[in-house]
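Residue numbers (the numbering used here), protein chains in the order written: chain A, 36 to 167; chain B, 41 to 397. All residues carry an ideal CB built from backbone N, CA and C; glycine is no exception. Working notes, beginning with the structure itself.
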């Protein structure tokens, strides 16, 4: 009897329009896109900033419009690291070396912004993980 | 005739002096028949010396220029003169131009400099001019007429009325992919000077023109571009043998437009992607160009390089010496009337690292 009651409650929750996962509006999509765009915009600001590392060098000096970053190819084997690496690890490699800075945690909002910007500039290129 | 510089002789010279073997400079050699003397000159470009604070500068870029200068001084036989192709500084600062200039001062032989946008947009080339003279000029050397252009000027509105400070103007132009930048041009005044200068030269005289930006249109978004390129080309076309050598693009490029052969030189600072690898924009990388190998980011001097250029019968053969990569030789082929890569021109023989995407 108790099990039946729980099932009824669950059924009511699942049927409630407010909680159906696949129900969203154009306004929702716009808002979500706006959230992404604002993070990618922050990424662009960081990309062109001399303040990410310690020596004033900006990512954009070697990677205009984030070209030659190839986000669609990650994770991939990096012979210099001797392992399959993710994109954030290569971003950190650049922060540590040419920018002479300190690596960011993978989930640092700045790292999310970098990855968002890189992927935005690469929009439309098919995913091809592992490609060299 | 003097001995041809070879990679091996450079390596031997470098080893003797305890330095590394290949360095990011461009060795240019002219060799043609008739009564003119063979000679060579060295080409160094795009060093982007960048001040961090006070007496502290970005080590990576410093090392590129230092090594280029060291190598240029080791080459035998000695070059007749040295060209510097522009962008000595990153933000046009006196401290940067002085620091880079101090390194260049160690070069043997006379130095001729080309203005780059990174040298120019802080004080419109005033301090650079104190060090290296006029922004555009010509000279003759052993039967060849050389012209140096300042190809990185832009509209008066952008230059004089757009930005509240000179520092901001410099920063806006320094960002290669910055949409607030403005297209480069040679400009009407300089074109009039060029016409006048060339009117005094026989059309049979080999002509070599140095510019910072390409005197051809490749990708406007990154200013791999000169807005009045066609008008400048029209002034050069009447000459039987014309070569344009340019910096700015930090990569191997070559092309042929009518009588004019084009060659880009390598940077000592860092490499740039080929513009057609930017997924959001089209570009016009010359279809002739077989790209340099993709840069290895773990090797900070990779995809910088140096080259020797022979000019036989007034036509350029560029010998690109690249870090840990096989030599690339790109030369004018009279059969085809354009520069071709001596080994990799045919698509079937190209290597995977030459594929950029």
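query                                                                                                                                                                                                : result
Count the CB pairs spanning the segment 245–253 of chain B and the segment 174–192 of chain B that are closer than 8 Å, and state whether there are at least three.                                  : yes
Alpha carbon to alpha carbon, what distance is there between residue 131 of chain A and residue 87 of chain A?                                                                                       : 10 Å
Whose C-alpha, out of B:343, B:300, B:265, B:310, is nearest the C-alpha of residue 324 of chain B?                                                                                                  : B:265
Checking 7 Å against the spacing of the C-beta atoms, do residue 275 of chain B and residue 234 of chain B come in under that value?                                                                 : yes
If you run the structure through DSSP and keep just helix, strand and coil, what is residue 316 of chain B?                                                                                          : helix
Pick out whichever of A:110, A:164, A:92, A:99 has its Cα sitting closest to the Cα of residue 152 of chain A.                                                                                       : A:99
With a CB to CB cut of under 6 Å and the five nearest residues on each side skipped, what residues in its chain are close to residue 288 of chain B?                                                 : 252, 253
Quick test of your reading: residue 122 of chain A and residue 106 of chain A, contact by CB under 8 Å. State the CB separation rounded to the nearest angstrom.                                     : 5 Å
Quick one: what does DSSP say residue 99 of chain B is sitting in, helix, strand or coil?                                                                                                            : helix
Is DSSP giving residue 348 of chain B helix, strand or coil here?                                                                                                                                    : strand
Taking all protein chains shown into account, do 16 or more other C-beta atoms lie within 10 angstroms of the C-beta of residue 303 of chain B, making it buried, or fewer, making it exposed?       : buried
Going by other Cβ atoms of all chains shown within 10 Å of its Cβ, with 16 needed for buried, is residue 387 of chain B buried or exposed?                                                           : exposed
DSSP has residue 359 of chain B in a bridge; who is on the other side?                                                                                                                               : B:348, B:369
Quick check: is the beta carbon of residue 104 of chain B nearer than 7 Å to any beta carbon in chain A?                                                                                             : no
What number of angstroms, rounded off, separates the C-alpha of residue 209 of chain B from the C-alpha of residue 161 of chain B?                                                                   : 6 Å
Could you name the residues of the same chain whose beta carbon sits closer than 8 Å to that of residue 108 of chain A, not counting the 5 residues immediately before and after it, in chain order? : 163, 164, 165, 166, 167
Going by DSSP, what residues sit across from residue 153 of chain B in a beta bridge?                                                                                                                : B:124
Quickly, what does DSSP pair residue 379 of chain B with across the bridge? List them, please.                                                                                                       : B:372
Classify residue 329 of chain B: buried if its beta carbon has 16 or more other beta carbons within 10 angstroms, exposed otherwise.                                                                 : buried
To the nearest angstrom, report how far apart residue 72 of chain A and residue 79 of chain A are at their CA atoms.                                                                                 : 10 Å
Between residue 307 of chain B and chain A, is the shortest Cβ-Cβ distance under 7 Å, so that the two count as touching?                                                                             : no
Let me know if residue 89 of chain B comes out buried or exposed under the rule of 16 or more other beta-carbons within 10 Å of its beta-carbon.                                                     : buried
Give the single residue among B:281, B:267, B:113, B:277 whose Cα lies nearest to the Cα of residue 193 of chain B.                                                                                  : B:267
DSSP three-state call for residue 237 of chain B: helix, strand or coil?                                                                                                                             : helix
What does residue 156 of chain A touch in chain B if you count any residue whose Cβ is under 9 Å from its own?                                                                                       : 318, 319, 320
Does the beta-carbon distance from residue 255 of chain B to residue 279 of chain B come in below 7 Å?                                                                                               : no
Determine the direct distance from the alpha carbon of residue 119 of chain A to that of residue 154 of chain B, and round the result to whole angstroms.                                            : 44 Å
Would you identify the three-state DSSP class for residue 283 of chain B, choosing helix, strand or coil?                                                                                            : strand
Would you call the segment 100–112 of chain B in contact with the segment 133–152 of chain B, where contact means no fewer than 3 C-beta pairs closer than 8 Å?                                      : yes
Would you say residue 68 of chain A reaches chain B, if we count a Cβ-Cβ gap shorter than 7 Å as a contact?                                                                                          : no
Is any beta-carbon of chain A found at less than 7 Å from that of residue 310 of chain B?                                                                                                            : yes
Can you tell which of B:108, B:320, B:277, B:283 has its C-alpha closest to the C-alpha of residue 362 of chain B?                                                                                   : B:108
Quick check: what's the CA-CA separation for residue 86 of chain B versus residue 383 of chain B?                                                                                                    : 27 Å
Please list the partners that residue 83 of chain A has in chain B, where partner means a Cβ-to-Cβ separation under 9 Å.                                                                             : 215, 217, 218
Suppose you measure from the CA of residue 134 of chain B to the CA of residue 158 of chain B; what does that come to, to the nearest Å?                                                             : 12 Å
In chain order, what residues of the same chain have a beta carbon less than 6 Å from the beta carbon of residue 261 of chain B, not counting five sequence neighbours either side?                  : 321
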